[in-house]
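Encoded as structure tokens, the structure appears first; notes follow it.
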Amino acid sequence: MENLRIEKLQAKDLTYFKDLIGLFGDVFEMKAFKLPADEYLSRLLANSDFHVFIALQEDAVIGGLTAYTLNQYYSTMPLAYIYDLAVSRQHQRKGLGQALIQTTTTYFRQQGYEEVFVQVDKVDSYAIDFYRQTSPTEEEDVSHFYYTLRKH
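According to the working numbering, the sequence shown is numbered sequentially starting from 17.
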């Protein structure tokens, strides 16, 4: 892709972060989503255990992912959990998602992380196919259980 760059956001990059959240809302078809206050989003961006990578084309956010650091007690090396990954509809299936995964895994490897992992819902065959194409080390068939504490 022409004029493409992938960057890790810093605390000062609130506008890009909000653009990425908007892209998530569009791609994930989130209905009636209300963006949290700028103050909250700024604090989140400043958190060293929260990571945001964006793909820019001519200064427009066309993709990105968010990840969290999980410090573990089995090892001194942290894990990275990819929370969301999306590419704008018009840029999908052009290798951008794979480039985001590659950039992210390279970054975390250089930072001394043990592994990067992502959860995919079993019914999301498109996402499963995508992640299989990114050459993961391993694929597990797991179940996740949720405990909703508050309704929005």
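Here a beta-carbon is modelled for each residue, glycine too, at the ideal position from N, C-alpha and C.
Considering only 95, 86 and 71, the residue with the shortest C-alpha distance to residue 103 is 71.
Going by beta carbons, residue 99 and residue 84 fall inside the 8 Å limit.
From the listed residues 34, 130, 18 and 61, the smallest Cα separation to residue 153 is found for 130. Around the beta-carbon of residue 96, 16 or more other beta-carbon atoms lie within 10 Å, marking it buried. In this structure, residue 116 places its C-beta atom within 8 Å of the C-beta atom of residue 22. DSSP links residue 21 through a beta bridge to 72.
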